[in-house]
Amino acid sequence: MIIFRTTAYFLSVKFILTVHQQLKRQNSGLPRMESISRFGSIPVVETGLKTAGTVYQKVKTSNGLFNWGFETAETVTYALVDSLRPAAKLIEGPLHQLDSFMCKSLDFVEQKVPSMYLPPEMMYWNTKEYMSDHLVKPVLSRANSMKNLSHAVLDSRVSNYAADRLDGALNVCDKYVERFLPAEDQPDAASVPQPEPDEAGVMHVFQT
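Using our numbering, read the sequence shown as starting at 58 and increasing by one per residue.
What follows is the structure, given as structure tokens:
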């Protein structure tokens with residue numbers, strides 16, 4: 058199934074290239090459509106057709122069976138183009154109308170997208186610059202602004218005042234903790250037994 062789809066794709070590309078080449082010939086007998094010539098002159102389309110033709114030739118010459126199949130398809134395609142010559146006179150009017158409509162469509166697209174005739178490399182760099190200017194740089198600028206805002210909040214007077222008040226409150230708490238919760242090796246002053254007044258007098262008498 059994959060081979061069939063690949064073959065059909067390359068055959069369609071080759072058919073377009075064949076018709077395009079036939080239309081360029083002076084004695085082809087087919088009506089010349091200006092829209093096809095203009096569409097084929099777009100750099101992106103022209104580069105794509107050349108790339109497709111190169112890939113087609115590589116695949117065609119890579120295998121004898123492929124070579125035979127593609128040669129047969131090319132022969133049938135040329136025979137089909139030759140058979141369309143007499144009938145082309147009958148549909149020349151509708152073809153001219155279709156050609157005129159396609160040319161107007163191309164004119165509209167050219168007005169909206171004037172860069173369509175730029176080389177593919179330049180279109181790539183223009184697209185890259187556009188994305189960088191309108192997407193990447195604004196995001197980085199917004200992130201930098203948020204970073205500066207966070208630094209400004211941390212460096213503000215209100216933040217410094219709040220930090221100082223918090224440090225003062227912590228120092229007061231430490232003092233109260235040291236006063237009411239002394240270390241274990243230091244006896245509490247309230248827990249030390251004080252001698253009675255009488256006992257203190259007796260002790261003084263014995264000492265004298």
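By construction, the Cβ of each residue, glycine as well, lies at the ideal position given by its N, Cα and C atoms.
Remember, it's a predicted structure, so these values are computed and weren't measured experimentally.
- Of the other Cβ atoms in all chains shown, 16 or more fall within 10 Å of the Cβ of Val138; this residue is therefore buried.
- Tyr113 and Thr104 have their C-alpha atoms some 14 Å from each other.
- By the Cβ neighbour-count rule, Phe165 is exposed, with fewer than 16 other Cβ atoms within 10 Å of its own.
- For Pro176, there is no enclosing alpha helix (DSSP H), as DSSP gives it neither H nor E.
- Apart from the 5 residues on each side of it in sequence, Ser172 sits with its Cβ closer than 7 Å to the Cβ of Met180, Asn183 in its chain, given in chain order.
- Contact check for Thr132 against Asn124 fails: the beta carbons are separated by 9 Å or more.
- Spatial neighbours of Leu147 in its own chain (CB-CB distance under 6 Å, excluding positions within 5 residues in sequence) are not present.
- Around Arg95, the same chain offers Leu163 as residues with beta carbons nearer than 6 Å, after the five sequence neighbours per side are excluded.
- Cβ-Cβ distances below 7 Å link Asp156 to Met90, Glu91, Ser92 in the same chain, with the five nearest sequence neighbours on each side left out; the list follows chain order.
- With fewer than 16 other Cβ atoms inside 10 Å of its own Cβ, Phe158 counts as exposed.
- Contact annotation: Pro177 and Pro100 have beta-carbon atoms nearer than 9 Å.
- One alpha carbon belongs to Thr108, the other to Val102, and they sit about 10 Å apart.
- In the three-state reduction of the DSSP assignment, Lys146 falls in the coil class.
- For Val112, the uninterrupted alpha helix (DSSP H) segment begins and ends at 100 to 118.
- Take the alpha-carbon of Gly126 and the one of Leu106: they are about 21 Å apart.
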